[in-house]
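Step one of this worksheet: look at the structure below.
Protein chains: 2
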Amino acid sequence: MSDIARLAGVSEATVSRSLKDSPLINEKTRKRVQDIAREHNYKINAAARNFRLKKTHTLAVVLLVDREWGHEVSDAFLMVLLGSIADEAANQGYDLLLSTNPHDVADLGAYYLESKRADGLIIIGQGRNDPRLDRLAASKAPFIVWGAEVEDHDYFTVGSDNRQGGYDATKLLIENGRKHIAFLGDIRHPEMEHRWEGYRRALEEAGIPYDESLVIPTDFSRSDGYEKADKVLLGEHRECDAVFCVSDNIALGVMKRLSEAGIRVPEDIAIVGFDDNPLAVFSTPGLTTIKQDIREGGKLLVQNLVKVLNGEAIGHVTMPTELIVRQSCGRG
Amino acid sequence: MSDIARLAGVSEATVSRSLKDSPLINEKTRKRVQDIAREHNYKINAAARNFRLKKTHTLAVVLLVDREWGHEVSDAFLMVLLGSIADEAANQGYDLLLSTNPHDVADLGAYYLESKRADGLIIIGQGRNDPRLDRLAASKAPFIVWGAEVEDHDYFTVGSDNRQGGYDATKLLIENGRKHIAFLGDIRHPEMEHRWEGYRRALEEAGIPYDESLVIPTDFSRSDGYEKADKVLLGEHRECDAVFCVSDNIALGVMKRLSEAGIRVPEDIAIVGFDDNPLAVFSTPGLTTIKQDIREGGKLLVQNLVKVLNGEAIGHVTMPTELIVRQSCGRG
DNA sequence: ATTTGGGTTGCAATCGATTGCATTCGAGCG
DNA sequence: CGCTCGAATGCAATCGATTGCAACCCAAAT
C-alpha cells in the first residue's frame, strides 16, 4: 500500500480511504488512486485488514456429522446445503471456512471464534442433541444451527417443518389404504423425533393404534436401510404394508432389499422418504418423498447468522416442506 | 497476551516463546506460562499471528463446476472429495476456505492468494480446459488441480487413470459380447476425453470399428442421462446393446429411462458407469462401474499442495481405478 | 577479583491497513 | 485585509504476536 501511496503522491491514509470509496477524499484523487492500484494489480492485504479491524469476514461451517453414526458425508443433501451456504456467504461478503471433524471435542467455538479465525459459526446437524451446542450457547458465541427447534436449548435454528413432513408422509400412506406403517429412523435426533411426532399424529387421527415395535432405529446411511428392511420387513414384521423413512437414503436401501426379495413396491409395500434427494427421481419406482428446501435453508442460515453478527435479533426458522408424490407410495 | 505476561510476571516475548515450546525458555517458566494461559482460556490470536508471519495456514478450495453446465453440485463425488480434503487439511494443520462460485471470473488466484487469504489453492475440476488455470499457472501461484494430466498445461494434477478406466469398462462390455457400445459424456472435459481414449483403444483392440455417432455429448447430470437415453437408445441408435457412461449419475438416468421403456438391463442393453457412486449399489440392477479412490485423491491433493508450499517438488499423480462388477454389465 | 560464557529473558521493531485528530489550503465574507 | 469555515489530506497511534539483538545473571575459569 505504501507503494501505491508513493506512486500516487499521497499518504497511505488517503490510499486506504480512496479504496474504500470514502467521501472524505476528493473524487479526482480517489479515481486516480484507484486506477493506480488497479494498474499495479494491488490487492488489499486481508490479513492485515482483518487484524486491524478485529473482524475476519469469515464464517465457519462445521459439519457435525458423526461418521461412525452412519451418516455418510457423501449425502447429496449436505452438498446442496453447503453449496447454498457458500453462495450466500459470498453474496454477503463473507469467506467460508470448512471443517468436517471438529478440531477437538472440547470446545467447538474456541478454535474458530476465540482464536479469531471466524466471526460466526454455522453448525450442520445437532447430532443426538449434542451437549457441546449448549455449552457453546452458554458462552454467548455467535452461531446458528441447521436442525430442529428444541425447547430447552438456547440457540437458534433453521430447519424444515419436520412434524408437518412426517405427518404428510404418513397421512398419504394411510389415505392409500395402508394400515401397518413402519417408521425407519433414529428418534434421538431432534429432527427425526419431530418427524416421528408427525407420524404418530397422523396415525392417531386415523385411529390406527401406535405400535412401538414398528419404530425401527435406523441410521442415515443407505446400507442400514437395506439391513433394516431385511430384518424387519422380511422378518419380524411381515404384516407391514408401508414404510416411512426419515431419509431418501434409507428408503433407497429399503427398496433395493425389497426388490431383491421379490417384494413389489408399492403394491406389497408402499414407501415414502424424506429430503427429495436428486436420485429419488431415478429410482424405480420413483420415490415419493417430503421435499426440504435446502437451498433456501442454506441461505437463511447465512442471513440469520449475519444478522446476529450485526447485533440484530433473530428467531427460529421453520420452513415448509412439500409432499412430492411419485410412484412408491402406492398411488398418484 | 499482555495479560498473560502480566499474570506470569514475564514479558510478552517470553509468553510467545513459551507457548511455542521454544527451547530458549527455561522449562519451569515455560510450564508456568502455559498453565496460566490454559487457566485463563487464552487462545492465541490467529489473525495477528498470520499477519505477522505472512502465512495464513489456510488452503482455499475452489469448486470450478459450471452449474449451467449441468454438473449438479449435489454430486456425491464432490462431497466425498471435499470431506477428504478437509480431513487431510486439518491433519496438516491447515484451515480450509471454501468457494463455489469463483469470486470474479477475472483472476482466480487474486482473491485468495494476493489478498493473503490463503497460502495455496485446490481446484476441483478443469472444466472444459479452463484457460484461467493456465493464467494462474503463469503467475506462479501455488495451486493444484483435481483432474487429468494434460500435455501443454503448466500445473500439477491429481486424478484417476481415466484412460485405463475407460478401457476397462469398454473391454468388459466387449467381453460380455456387446458390439454396439455407446459412449455418453462430453469429451471436451480432459478427464472425459481420457476415458474416451480408453474406450477407443478397447474397441480397436477388439477389432470393432469406431462409430463417432455413438459418442454422445452428455453432461454430468442425471437428467441429461435420462434425456440422452431417450433420444439415442430409443431413437437413432436402436442397435445399441451397451453403454459406457462417464459418470454413474448419467448411468442412473439412462437406467431410469430404459426401465420406463421396458428395455431390460442388462439383457437388452448393458451399462457401465464411472465413479462408484454410493448409490450405484442400490440401483436395480446394481450398477457396474469404475471406482475412483476419491478419498485418497483428496488426501493427495492436500499433501502435494503442502509440499509445493514448502518448496518441495511434486509431480502429477494418476491413481489406479478399479472395476467394480455388479449386474448392469450383463454378466458377473 | 575480574573475565568469560552459556543460559534466560526483555526491549523494541515489525508486519499493513485503518482512523481520530491535527493540519493545510483556499474560498468566501465582513 | 484578516478571519472563519469546510473540504481535503497527512500524521501517528493502533491492533497482537513474533524475533533479532541486547542485556542480564550466575557460575566457572583465570
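Note that the protein sequences, when read in sequence, are chains Z and B.
So the first sequence is residues 285 to 616, counted in the numbering used here.
So the second sequence is residues 285 to 616, counted in the numbering used here.
For glycine and all other residues, C-beta sits at the position ideal for the given N, C-alpha and C.
Residue i versus residue j - alpha carbon distance
i	j	result
Z/Gln611	Z/Leu397	48 Å
B/Gly509	Z/Asp438	46 Å
Z/Thr313	B/Ser286	40 Å
B/Arg548	Z/Ala545	19 Å
B/Ile259	Z/Asp319	Because chain B spans 285 through 616 in this model, residue 259 of chain B falls outside it and cannot be assessed.
B/Ala238	Z/Gly377	The question about residue 238 of chain B has no answer here: the residues shown for chain B are numbered 285 through 616.
Z/Thr441	Z/Thr605	16 Å
B/Met363	B/Glu580	13 Å
B/Arg412	B/Ser383	19 Å
B/Tyr483	B/Val530	10 Å
Z/Ala513	Z/Gly461	21 Å
B/Leu380	Z/Met603	30 Å
B/Leu303	B/Asp532	50 Å
B/Glu433	Z/Asp552	51 Å
B/Gly409	B/Asp559	14 Å
Z/Gly557	Z/Thr572	6 Å
Z/His464	Z/Pro501	17 Å
Residue i in three-state terms, based on DSSP
i	result
Z/Thr313	helix
Z/Leu606	A small correction: the amino acid at residue 606 of chain Z is Glu; Leu does not occupy that position in the sequence shown. Strand.
B/Gln319	In the sequence as presented, Gln is not what sits at residue 319 of chain B; that position holds Asp. Residue state, collapsed to three classes: helix.
B/Gly614	coil
Z/Phe335	helix
B/Phe686	The first residue shown for chain B is 285 and the last is 616, placing residue 686 of chain B beyond what the model contains.
B/Ile407	strand
B/Val532	According to the sequence displayed, residue 532 of chain B carries Asp and not Val. In the structure shown, B/Asp532 sits in a helix (DSSP, three-state: H, G or I).
B/Lys237	Only positions 285 to 616 of chain B appear in the structure, and residue 237 of chain B is not among them; the question remains open.
B/Thr441	strand
B/Phe504	coil
B/Gly599	coil
B/Asp287	helix
B/Lys575	strand
B/Ala554	strand
B/Leu593	helix
B/Thr340	coil
B/Asp560	coil
B/Ala516	The residue you asked about is not Ala; residue 516 of chain B is Val in the sequence shown. Of the three classes helix, strand and coil, the one that applies to B/Val516 here is helix, per DSSP.
Z/Val527	strand
B/Asp379	strand
B/Leu347	strand
Z/Gly492	A quick correction: the sequence has Ile, not Gly, at residue 492 of chain Z. Reduced to three states, the DSSP call for Z/Ile492 is coil.
Where residue i meets chain Z, residues with beta-carbon distance less than 7 Å
i	result
B/Phe566	Arg506, Leu536, Gly537, Lys540
B/Ile328	Ser399
B/Ala334	The question names Ala, but residue 334 of chain B is Asn in the sequence shown. Within chain Z, the residues near B/Asn334 are Ala331.
B/Asp379	Leu381, Arg401
Given residue i as reference, the closest of the options once Cα atoms are compared
i	options	result
B/His324	B/Asp305, B/Leu337, B/Ala292, B/Asn310	B/Ala292
Z/Val586	Z/Val609, Z/Ser368, Z/Gly570	Z/Ser368
B/Asp495	B/Pro426, B/Thr605, B/Phe467, B/Glu311	B/Phe467
B/Asp371	Z/Ala373, Z/Val346, Z/Ala394	Z/Val346
Z/Phe427	Z/Ile406, Z/Ala321, Z/Gln410	Z/Ile406
B/Val592	B/Val317, B/Leu343, B/Tyr326, B/Ser531	B/Leu343
Z/Lys339	B/Ala332, B/His341, B/Lys338	B/Ala332
Z/Thr454	Z/Ala554, Z/Gly409, Z/Leu536	Z/Ala554
Z/Asp452	Z/Ile608, Z/Arg615, Z/Gly404	Z/Ile608
Partners in chain B for residue i, counting only beta-carbon separations shorter than 7 Å
i	result
Z/Ser444	None at all; the shortest Cβ gap to chain B is about 17 Å.
Z/Ala370	Leu382, Ser383, Thr384
Z/Ala513	Near Z/Ala513 there are no residues of chain B at all, since even the closest Cβ is about 11 Å away, more than 7 Å.
Chain B within 8 Å of residue i, Cβ atoms only
i	result
Z/Thr384	yes
Z/Asp495	no
Z/Leu563	yes
Residue i beta carbon near the ligand MG (any heavy atom closer than 7 Å)
i	result
B/Cys613	This structure simply doesn't include the ligand MG, nor any ligand for that matter.
Residue i at chain Z interface by Cβ criterion, 8 Å
i	result
B/Gly367	yes
B/Phe651	Nothing about residue 651 of chain B can be read from this structure; chain B reaches only from 285 to 616.
B/Ser543	yes
B/Thr340	yes
Beta-carbon neighbours of residue i, restricted to chain B and to distances below 8 Å
i	result
Z/Asp359	Ala360, Met363
Z/Ala394	Asn325, Lys327
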